[in-house]
Amino acid sequence: MDSTRFEKLQKLRRRHLAYPYRFEVSHQIGEIRSRYEIEPGGREVCVRGIVKRVSKLEEGYMVRLSSPSGVEIVALCDEELKAGEEHTLKGKLGRHEGKLCLFSAVPSEEEAYPIESLKAEYDLDPCFEEVSMAGRLITLRSMGKALFGHLQDATGRVQVYIKRDVVGEEAFKDFEELVDTGDLLGVNGRLFRTNTGELTVEVKSFSLLAKSLHPMPEKWHGIKDVEVRYRQRYLDLIANETARRIFLLRSRVVQAVRDFLNREGFLEVETPILQHVASGANAKPFITYHNYLEQNLYLRIAPELYLKRLVVGGFNKVYELGKNFRNEGVDTTHNPEFTMVEFYAAYWDYQDLIDFTERLISHVLLSLMGSLKLTHKGRELDFTPPYKRYGYFELLEKKTGKGKDFFLKDLQGLRALARDVGVPKAETLTHAKLIDKVFDLLVEEELWGPCFVMDFPKLLSPLAKSHRQDPELVERFELFVAGKELANAYTELNDPVEQKERFLEQLREKEMGDEEAMQMDEDFINALEYGMPPTAGEGIGIDRLVMVLADVDSIREVILFPALRRS
RNA sequence: GAGCCGGUAGCUCAGUCGGCAGAGCAACGGACUUUUAAUCCGUGGGUCGCGGGUUCGACUCCCGCCCGGCUCACCA
Numbered sequence: 186m187d188s189t190r191f192e193k194l195q196k197l198r199r200r201h202l203a204y205p206y207r208f209e210v211s212h213q214i215g216e217i218r219s220r221y222e223i224e225p226g227g228r229e230v231c232v233r234g235i236v237k238r239v240s241k242l243e244e245g246y247m248v249r250l251s252s253p254s255g256v257e258i259v260a261l262c263d264e265e266l267k268a269g270e271e272h273t274l275k276g277k278l279g280r281h282e283g284k285l286c287l288f289s290a291v292p293s294e295e296e297a298y299p300i301e302s303l304k305a306e307y308d309l310d311p312c313f314e315e316v317s318m319a320g321r322l323i324t325l326r327s328m329g330k331a332l333f334g335h336l337q338d339a340t341g342r343v344q345v346y347i348k349r350d351v352v353g354e355e356a357f358k359d360f361e362e363l364v365d366t367g368d369l370l371g372v373n374g375r376l377f378r379t380n381t382g383e384l385t386v387e388v389k390s391f392s393l394l395a396k397s398l399h400p401m402p403e404k405w406h407g408i409k410d411v412e413v414r415y416r417q418r419y420l421d422l423i424a425n426e427t428a429r430r431i432f433l434l435r436s437r438v439v440q441a442v443r444d445f446l447n448r449e450g451f452l453e454v455e456t457p458i459l460q461h462v463a464s465g466a467n468a469k470p471f472i473t474y475h476n477y478l479e480q481n482l483y484l485r486i487a488p489e490l491y492l493k494r495l496v497v498g499g500f501n502k503v504y505e506l507g508k509n510f511r512n513e514g515v516d517t518t519h520n521p522e523f524t525m526v527e528f529y530a531a532y533w534d535y536q537d538l539i540d541f542t543e544r545l546i547s548h549v550l551l552s553l554m555g556s557l558k559l560t561h562k563g564r565e566l567d568f569t570p571p572y573k574r575y576g577y578f579e580l581l582e583k584k585t586g587k588g589k590d591f592f593l594k595d596l597q598g599l600r601a602l603a604r605d606v607g608v609p610k611a612e613t614l615t616h617a618k619l620i621d622k623v624f625d626l627l628v629e630e631e632l633w634g635p636c637f638v639m640d641f642p643k644l645l646s647p648l649a650k651s652h653r654q655d656p657e658l659v660e661r662f663e664l665f666v667a668g669k670e671l672a673n674a675y676t677e678l679n680d681p682v683e684q685k686e687r688f689l690e691q692l693r694e695k696e697m698g699d700e701e702a703m704q705m706d707e708d709f710i711n712a713l714e715y716g717m718p719p720t721a722g723e724g725i726g727i728d729r730l731v732m733v734l735a736d737v738d739s740i741r742e743v744i745l746f747p748a749l750r751r752s
């Protein structure tokens, strides 16, 4: 804690101004900005002006270009221009931290568009609208008898102008004495634009809403230390625009998925997270203890078996979007608690789900990104349906020259192959695991574009229905994007006798050393005995979907509070 | 669990061969009523992740530990 800030807080306490209960807000910061600032949407323009300042960014430079009358526009360019020189730059018009900005600007000979006209077109005159806004004071520049600063929250940033002649001598002195960057501040005043064109609140009165007892992270570099960013995510969100963007995106992804499913007639439900049997996936569960029941419970590894019980109960289209828990290692694509949406539709089969998945992904992409194409890890991903479809064994055969019969019947040969391609502990793995590992190692990484891998071997899929044309396969597909599994779907096995047999098969796998073989769920079998309609179901990993959309390569970047060791 | 890399001021980072702990921003004092990475003048600020060892002397070398990142393993 910072002692001078603490002393200021004590002063505020004595004056009963320390932690007020309420502040009347007329507008969100983002709301005001979107009212007076039009999105230029990447329009190509050419502007001319004097370079007032050049700042080095991690990639390229940020240039402040000023018109003869002093109106400014920002440009991001690769070339280092010199302050004081006059340049004509051409680029795509957008907004950078709210300000009009030329992106990927390059010098140009074309006729320039006056900066004033651009500003007039996209930055509207607020006409001294009276507003009352609040946010965190993230910058403060003292000009002697006036102060400039920026208020910020997750919706955006707005400049405030505190002039001694307007707020009065007393209040101005209070501000200088008691307010620091980092504090939460409420302001009343009227909106105008400064000479350089920035939307600004001319403050009539202000109220310190909460003091920050710690100094803010550095304004230019933000917080880079990933450990601090994950453990104190609030600081990451305050300091790093990228973090704010990713988590707003995540929220909108979840919203878009819900919208789509609701619109398609699916019912959102909640099923137990504490379960007596953790089944429905191949994974080790977390164990917890219920004092009253005096028994161990498991945190769910998947909601699947409960959702199918609901289909038995007549809820023909259900979905659940929530956390699952798997007691496994942590790495760039795995967090022990992660978010999945699972949905089930009676009277559908997996072919219906292929089409549905393409529509769902299209909906999410179009409503959030405005396009079906995006860049991930520097490569293009094109989500325009239809996605490519490959047979599971077709892919393996392409890689190994060996057909389905080899993988399913020649255990010795498979073991030797697994050893050859570098599957660890190939000697001890079960047949099912061997196939899975070989596929992982040889095929998975290369599945870049969105594509469906179809028709998995039965022994890898204990809950999927046998393939109608090949009893050794099941009607199952996985959606792969950028080498990662994004979705998993199948025609659901609804024959209780066969389901029981498949569970027993899993028990045998377990006895042979597969710790993650699926657990038997007797009550689920019982539900199936009452009759589950023909049904198809799918799970989509939300975290991984967001990773693709946000173009990040660690799952921790899309989880607000990722799992870390206790510090 | 193994290998590699990292942890230095509130933040971002330098720190040479083992010889007084550095910069920018932030903070503090001063000037400045349209600034915006404001500018100008001045000042203060450190458990160098933790614990041992070697040494006249350790941020620096050695050993152990903690935390994180990446890769691999484990695992969807």
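Here my numbering is used: the first residue of the first sequence is 186, the next is one more, and so on.
We put the beta carbon where it would ideally sit given N, CA and C, even for glycine.
For the pair methionine 717 and glutamate 696, the Cα-to-Cα distance works out to about 30 Å. It is roughly 10 Å from the alpha-carbon of histidine 652 to the alpha-carbon of tyrosine 675.
The alpha carbon of glycine 367 has as its nearest neighbour, out of Lys358, Gly334, Ala611 and Asn380, the alpha carbon of Gly334. In this chain, the alpha helix (DSSP H) harbouring lysine 589 covers 589 to 594. When DSSP states are grouped into helix, strand and coil, tyrosine 419 belongs to the helix group. For arginine 238, the uninterrupted beta strand (DSSP E) run begins and ends at 229 to 241, by DSSP. Looking from the CA of arginine 198, the closest CA among Val388, Lys396 and Asp410 belongs to Lys396.
Around the beta-carbon of phenylalanine 528, 16 or more other beta-carbon atoms lie within 10 Å, marking it buried.
A distance of 7 Å or more separates the beta carbons of aspartate 728 and phenylalanine 592. Counting of Cβ neighbours within 10 angstroms places threonine 517 among the exposed residues, the total staying below 16.
When C-alpha distances from glycine 407 are compared across Ala424, Trp633 and Arg416, the shortest belongs to Ala424. Spanning the alpha carbons of threonine 720 and cysteine 636 requires a straight line of approximately 23 Å. Along the segment 297 to 356, the beta strand (DSSP E) occurs as fully enclosed runs of 3 or more residues at 315 to 327, 331 to 338 and 341 to 348, listed in sequence order. Taking 7 Å as the cut-off, the beta carbon of arginine 429 is found no closer than this to the beta carbon of valine 731.
For tyrosine 529, the enclosing beta strand (DSSP E) covers residues 522 to 531. About 6 Å separates the Cβ atoms of valine 232 and tyrosine 298, confirming a contact at the 8 Å cut-off.
The beta carbon of arginine 218 lies closer than 6 Å to those of Gly283 and Gly341 in the same chain, with the five residues before and after it left out. For leucine 370 against leucine 322, the beta-carbon gap comes to about 5 Å, under 8 Å, which counts as contact. Valine 386 is bridged by DSSP to Val345 and Leu376. In the displayed model, threonine 517 falls within coil according to three-state DSSP, outside both helix and strand. For methionine 732, the enclosing alpha helix (DSSP H) starts and ends at 727 to 735.
Where glutamate 690 is concerned, the enclosing alpha helix (DSSP H) starts and stops at 681 to 696. Under DSSP, serine 251 shares a beta bridge with Ile235 and Glu257.
For glycine 598, the secondary structure class from DSSP, reduced to helix, strand or coil, is helix. Minimum Cα-Cα distance from glutamine 213 among the listed residues Leu619, Leu490, Leu336 and Lys618 corresponds to Leu336. Where tyrosine 474 is concerned, the enclosing beta strand (DSSP E) starts and stops at 472 to 475. C-alpha of tyrosine 491 to C-alpha of serine 317: approximately 49 Å in a straight line.
Secondary structure of glutamine 195 (DSSP, three-state): helix. In the DSSP assignment, histidine 548 falls within the alpha helix (DSSP H) that extends over 535 to 553. With respect to leucine 484, histidine 475 sits apart: the two C-beta atoms are not nearer than 7 Å. The Cβ atoms of leucine 250 and phenylalanine 288 lie no closer than 7 Å to each other.
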